[in-house]
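Notes follow once the structure below has been shown.
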Amino acid sequence: MKAVVIQAFGSPEGLAVIDLPAPAPAAGQVLIATEAIGVGGVDAVIRSGALAAYGFAEGHIPGSEVAGTVTAVGDDVDTSWIGQRVWAFTGVGGGYVEQAIAPVEEILPLPANLSAVHAVTLGSSGVVAHFGLSHAHFAPGESVLVRGAAGSIGIMTVQLAARGGAGAVAVTTSSAERGERLRTLGATHVLDRSGEGGEAAPAGYDVIIDVVAGPDMPSFFDKLNPNGRLVAVGAVGGQPPADFGTTMMAAFRKSMSFATFSADTVAGPARRAVRIEQFAAAGRGALHTVVHEVLPLEQAVSAHRKMDAGEVFGRIVLTP
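Note that the UniProt record's numbering has the sequence shown beginning at 1, numbered continuously upward.
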């Protein structure tokens, strides 16, 4: 089968398409003939080598979510899964392949009215957006700022905050055109990447959901209201400065909070319940997925170039 591997950390050119033997599912696993493969921000971070200290090595296959048809199952897995179209979470890698392995507890049947492409645009990002807002203790009427709103996590956070009754939903983005697209999804104020601008934008925010992190993250503490909460749900801009906490300490009397959030800390049944609800909402048009482009698996390098260049609005999807 065809697979994309990281042959060398660094630029997208370090990705290569190779041939590998078709895998066989072990006990508790299923084999999926992929129809769509989501390209996530974390894939680019892993490819860059920034997470090598966490055990990622060259030869790693990126990709964490796929959709397709179950073609085989391992021991202890109900054979009725064979032939079903499913969405699947493959873990921290293993998705950029023609045939993917996933644990049976991490697959979900695809509704008939939701395509494989849209499923991998929503499956992970929707869960992060939902539980990220929950982790921030977001309540109706509060103001929300989504930093890095043009990616799939940001787009879902904007929609869920708006649906949840936010008093204001501000976004940071790189262009007016992207800002207008985000307005159609629920944004009420459009800011530049530094969090400035936006006519009549709130002076401060109760909740900031940050997909970016990076060196500029500490400046966003200044945009929190008293008792405000900033939750980092990603780090596509790299790690923040080691001393970022000093900014919070300098504003001690505002009682601000900072937290990170990973969907790994949410129990499987809770993630599953949210995905079922979101897939149903997307199928009936109540929740909108944004697909930037669909590319062949062999063009993974091009997909990552576009991500590194900041060209992507929504999600790029690969197809075998």
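Where is the CB? At the ideal position from N, CA and C, for every residue including glycine.
{"Item": "Beta-bridge partners of V17, as assigned by DSSP", "Value": "V4"}
{"Item": "Cα-Cα separation, residue 372 to T260", "Value": "Lying before the first or after the last residue shown, residue 372 is absent from the chain, which here runs from 1 to 320."}
{"Item": "For Q29, the three-state DSSP class (helix, strand or coil)", "Value": "strand"}
{"Item": "V212 and I153 closer than 8 Å at C-beta", "Value": "no"}
{"Item": "In chain order, each alpha helix (DSSP H) run of at least 4 residues that lies wholly inside the region 282 to 313", "Value": "300 to 308"}
{"Item": "Reduced DSSP secondary structure (H/G/I, E/B, other) of Y96", "Value": "coil"}
{"Item": "Beta-carbon proximity check, S134 vs E65, cutoff 8 Å", "Value": "no"}
{"Item": "Cα-Cα separation between A53 and A235, rounded to whole angstroms", "Value": "15 Å"}
{"Item": "Every unbroken beta strand (DSSP E) within the region 81 to 144, with a cutoff of 3 residues, ordered by chain", "Value": "85 to 89, 99 to 103 and 107 to 109"}
{"Item": "Nearest-angstrom beta carbon gap, A8 and A36 [assumed within contact, 8 Å]", "Value": "About 27 Å separates the two Cβ atoms, so there is no contact after all."}
{"Item": "Start and end residues, alpha helix (DSSP H) containing I61", "Value": "Where I61 is concerned, there is no enclosing alpha helix (DSSP H), given that its DSSP letter is neither H nor E."}
{"Item": "Coarse secondary structure for F279, derived from DSSP in three states", "Value": "helix"}
{"Item": "Contact set for K254: own chain, Cβ-Cβ below 6 Å, skip 5 residues either direction", "Value": "P226"}
{"Item": "Extent of the continuous beta strand (DSSP E) to which S257 belongs", "Value": "S257 to T260"}
{"Item": "Sufficient close CB pairs (3 or more, under 8 Å) joining the region 129 to 144 to the region 156 to 172", "Value": "yes"}
{"Item": "Three-way DSSP call (helix, strand, coil) for T184 in this model", "Value": "coil"}
{"Item": "Run of the alpha helix (DSSP H) containing D43, from where it starts to where it stops", "Value": "G41 to S48"}
{"Item": "Secondary structure of R193, DSSP reduced to three states", "Value": "coil"}
{"Item": "Test item: CB-CB of H189 and A201 under 8 Å", "Value": "yes"}
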